[in-house]
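Colleague: So for the sequence shown, the working numbering puts the first residue at 771; every next one is plus one.
The beta-carbon is built from N, C-alpha and C at its ideal position, and this holds for glycine as well.
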Amino acid sequence: MKHLLVLIITNSLVFGELQFPPNFKFGVATSAYQVEGAWNLSGKGENIWDYAVHRTPNVIQDGTNGDIACDTYHHTEGDVQLLKQLGVNFYRISLSWSRILPTGFKNKINPDGIRYYNELLDALTANGIEPMVSLFHWDLPQPLQDLGGWTNPLMADYFLEYVRIAYENFGDRVKYWITFNEPSVLCAGSYEGGLLALAPFLKSRGVGLYLCGHTLLIAHAKAYHLYDKEFRKSQKGKIGISLQGIWYEPSSSSKENVQAANQRLQMEFGWFAHPIFSKKGDYPPIMKERISFMSKQENFSQSRLPEFTPAEISYIRGTSDYFGFNHYTSAYAVPANISGGPSQDSDFGSSLSQDPLWEAGASWWIRSVPWGFGNILKWIKNEYGNPEVIITENGFSDKGGLQDCRRINYHYKYLEALLNAIHNEGCNISGYTAWSFMDNFEWTGGYSKKFGLIRVDFVSPERTRTLKMSAYAYRNIIETKKIDWSFTPSGFEKCVF
Ligand code: GAL
């Protein structure tokens, strides 16, 4: 009994004292379409979001759009001061392809696009904030969508032309590049329809998404190799990709349930992680088998999942200097035959549920499951040989309010799971990014789902920004390198967790 007590006390002490490693970096993130606004100013071209929201505003829950959004385009200096106030080490942004190349092609470079990002990058570096830059966060130039978007294999070369311009103009200040944000979410959202639909809001279920993914993987590898061969030596940065992963927990330990959860994880997360980060490369074997089997059943002449040549497999494998990981939630998976295929859902062969006791966010899909975060971090370590992981997104949505204790609770718990993964599981995690720096245009959720550490008043023409309680809590973590559950900034009430 006495021994047990000592053990409990020591354990809780160790847990309570867990600190972030000295070189651990903290940041916040946004993406171009979600915050910039200035959709048609100074030579910017039309992208697939501009096109969709203007023609079919009803695809957005509150009928809004990103025409003005947070208007970060006009707030460079003020926003950099806010980042300084937060005390972050880095700021993750994305470049708007159409602001730089209005036609999508390199035939016409928009000087104002180059100017805007130069000024932003200069302001960040002058203030000691490292820029982390995504080359593509879902806002494809419309003229390229007219040519088939990511289902067109030529898109990989058009992407490369754009990427070269970005390296040439901005690479001296960017030490962290991200090629693509969440390709699995993008390709499924673009072609499967349903609740998670994204521009260009097409339906080519069970087919379009895999063509899209195939082109993206090749485009990603091309962008990596270009950097590696021509820019790395002089610019000395790192280049990677941000992959989204939900943790799928088997709903019991039965063989069927374990298999269903694993299959889903491999077919969603492994879809992009396996070709890049596994020893063997290529799509996960279980994904190839399953889609080939389903395609045969559905009378297709070949698998709906395209094949890589051996040369392509080795060209893609290992093309990431770190594992950018976006994570929000977890779910239970059980085996299920989903009718109405072909579709990604019927390919998955499982259905999902979440425990109603898990704290729910304002977005229908989000619930706080910190242990799921811990599990998937361990899974990445074991599956892909313990790569350097940077959490490039993690966050919680609510309906608004400055006293955002539920967001603080979420971040604290997820950060505790992360600390545990570092200190007790040996996971190699070097950074964490809170989504989001400020409330913004949450895709089809419009402005009603708030993820920001900073409130934006979308009614005021100035788009006034106000720090929420979570902004102060985050700053305190960055300053002290640990989590203090009792921290209460002045002007706020103590949270009851
Ligand atoms: C991610 C996406 C972000 C943001 C976030 C919250 O999937 O990369 O742009 O919208 O989800 O839903």
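In chain order, what residues of the same chain lie with their CB nearer than 7 Å to the CB of Gly1015, ignoring the 5 residues before and after it?
Modeller: Here residue 1015 refers to the residue found at position 245 when the sequence shown is read from its first residue. Once the five neighbours on either side are set aside, the close Cβ partners of Gly1015 are Phe1039, Phe1095, His1097 and Ile1146.
Colleague: Would a C-beta distance cut-off of 7 Å place Ala1187 and Pro1140 closer than the cut-off?
Modeller: As a working note, residue 1187 is residue 417 in the sequence shown. As a working note, residue 1140 is residue 370 in the sequence shown. With respect to Pro1140, Ala1187 sits close: the two C-beta atoms are nearer than 7 Å.
Colleague: For Thr800, tell me which candidate among Asp849, Ala991 and Lys1066 has the shortest Cα-Cα distance.
Modeller: Numbered from its first residue, the sequence shown carries residue 800 at position 30. Out of Asp849, Ala991 and Lys1066, Asp849 has the C-alpha closest to the C-alpha of Thr800.
Colleague: Tell me, which residues are paired with Thr1234 by DSSP?
Modeller: By one-based count along the sequence shown, residue 1234 stands at place 464. DSSP, once it has assigned bridges, lists no residue as partnering Thr1234.
Colleague: For Leu1122, which beta-bridge partners are listed by DSSP?
Modeller: As a first step, residue 1122 is located in the sequence shown; it is residue number 352 there, counting from the start. Looking at the DSSP assignment, Leu1122 forms a beta bridge with Ala1103.
Colleague: Beta carbon of Ser1230: closer than 6 Å to some heavy atom of ligand 1?
Modeller: Walking along the sequence shown from the start, residue 1230 turns up at place 460. For ligand 1, not one heavy atom lies less than 6 Å from the Cβ of Ser1230.
Colleague: Pick helix, strand or coil for Gln804, following the three-state DSSP scheme.
Modeller: The residue you call residue 804 lines up with position 34 of the sequence shown. If DSSP states are grouped into helix, strand and coil, Gln804 belongs with the helices.
Colleague: Relative to the C-alpha of Phe794, which residue among Pro1231, Arg1225 and Ile1192 is closest?
Modeller: Position 24 of the sequence shown, counted from the start, is the residue given in the question as residue 794. Ranking Pro1231, Arg1225 and Ile1192 by Cα distance to Phe794 puts Ile1192 first.
Colleague: Check whether the segment 966-982 touches the segment 1228-1248, taking contact to mean three or more Cβ pairs, one atom from each stretch, closer than 8 Å.
Modeller: no
Colleague: If you drop the 5 nearest sequence neighbours on each side, which residues of the same chain put their C-beta closer than 7 Å to that of Gly1215?
Modeller: For the purposes of this step, residue 1215 is identified with residue 445 of the sequence shown, where counting begins at 1. Gln831 and Ser1133, listed in sequence order.
Colleague: For Ser960, tell me which candidate among Ser1012, Phe950 and Phe971 has the shortest Cα-Cα distance.
Modeller: Position 190 of the sequence shown, counted from the first residue, corresponds to residue 960. When each option's Cα is compared against that of Ser960, the closest is Phe971.
Colleague: State whether the segment 939-947 contacts the segment 1001-1012, with contact taken as three or more CB pairs (one from each stretch) at a distance under 8 Å.
Modeller: yes
Colleague: Following a CB-centred definition, is Ser801 positioned closer than 6 Å to any heavy atom of ligand 1?
Modeller: Numbered from 1 along the sequence shown, position 31 holds the residue referred to as residue 801. Yes - ligand 1 has a heavy atom lying nearer than 6 Å to the Cβ of Ser801.
Colleague: For Phe790, tell me which candidate among Gly1171, Leu1185 and Phe906 has the shortest Cα-Cα distance.
Modeller: To locate residue 790, count along the sequence shown from 1; it is residue 20. Minimum Cα distance to Phe790 is reached at Leu1185.
Colleague: Counting Cβ pairs, one atom from each stretch, are 3 or more of them under 8 Å apart for the segment 1077-1085 and the segment 1051-1069?
Modeller: By the C-beta criterion, the segment 1077-1085 is judged to be in contact with the segment 1051-1069, since at least 3 inter-stretch pairs fall below 8 Å.
Colleague: Assuming Leu996 and Leu930 make a contact with CB atoms under 8 Å, what is their CB distance in whole Å?
Modeller: Within the sequence shown, residue 996 is the residue found at index 226, counting from 1. Within the sequence shown, residue 930 is the residue found at index 160, counting from 1. About 6 Å; that satisfies the 8 Å criterion.
Colleague: When the Cα of Ser1120 is compared with those of Leu1035, Gly1165, Phe1047 and Ser1062, which residue comes out closest?
Modeller: Within the sequence shown, numbered from 1, the residue matching residue 1120 stands at position 350. Closest option to Ser1120, Cα to Cα, is Leu1035.
Colleague: When burial is assigned at 16 or more other CB atoms within 10 Å of the CB, is Ala896 buried or exposed?
Modeller: Here residue 896 refers to the residue found at position 126 of the sequence shown. When all chains shown are included, Ala896 counts as exposed.
Colleague: With 16 other CB atoms within 10 Å as the buried threshold, where does Glu1019 fall?
Modeller: Within the sequence shown, residue 1019 is the residue found at index 249, counting from 1. A buried status is given to Glu1019, since no fewer than 16 other beta-carbon atoms sit within 10 Å of its beta-carbon.
Colleague: Please look up how many angstroms separate the CB atoms of Ile870 and Asn880, rounded, as I've assumed it's under 8 Å.
Modeller: Numbered from its first residue, the sequence shown carries residue 870 at position 100. Numbered from its first residue, the sequence shown carries residue 880 at position 110. Contact annotation, Ile870 with Asn880: C-beta distance approximately 6 Å; criterion of less than 8 Å satisfied.
Colleague: Would you mind stating whether Glu962 and Gln1114 have Cβ atoms separated by less than 7 Å?
Modeller: As a position in the sequence shown, residue 962 is number 192, starting the count at 1. As a position in the sequence shown, residue 1114 is number 344, starting the count at 1. Their beta carbons are under 7 Å apart, which means Glu962 touches Gln1114 by this criterion.
Colleague: Assign Ile1253 to one of two classes, buried (16 or more other C-beta atoms within 10 Å of its C-beta) or exposed (fewer than that).
Modeller: Translated into the one-based positions of the sequence shown, residue 1253 becomes position 483. With 16 or more Cβ atoms within 10 Å of its Cβ, Ile1253 is classed as buried.
Colleague: What do you reckon, is the C-beta of Glu1038 under 6 Å from a heavy atom of ligand 1?
Modeller: In the sequence shown, the residue the question calls residue 1038 occupies position 268. Glu1038 Cβ: outside cutoff for every heavy atom of ligand 1.
Colleague: Quick check on Pro923 - is its C-beta less than 7 Å from some C-beta in chain C?
Modeller: Here chain C cannot be found, since the structure has a single protein chain.
Colleague: Could you give the DSSP three-state label for Arg1137: helix, strand or coil?
Modeller: As a position in the sequence shown, residue 1137 is number 367, starting the count at 1. Strand.
Colleague: Helix, strand or coil, according to DSSP, for Val1028 in the structure here?
Modeller: In the sequence shown, counting from the first residue as 1, residue 1028 sits at position 258. Looking at Val1028 - three-state DSSP - the assignment turns out to be helix.
Colleague: When DSSP labels each residue in this structure, what does Ser782 get in the three-state scheme?
Modeller: Here residue 782 corresponds to residue number 12 of the sequence shown, with the count starting at 1. With a pLDDT of 39 at Ser782, under the threshold of 50, the predicted position of this residue should be treated as unreliable, though the coordinate-derived value follows. Here Ser782 sits in helix by DSSP.
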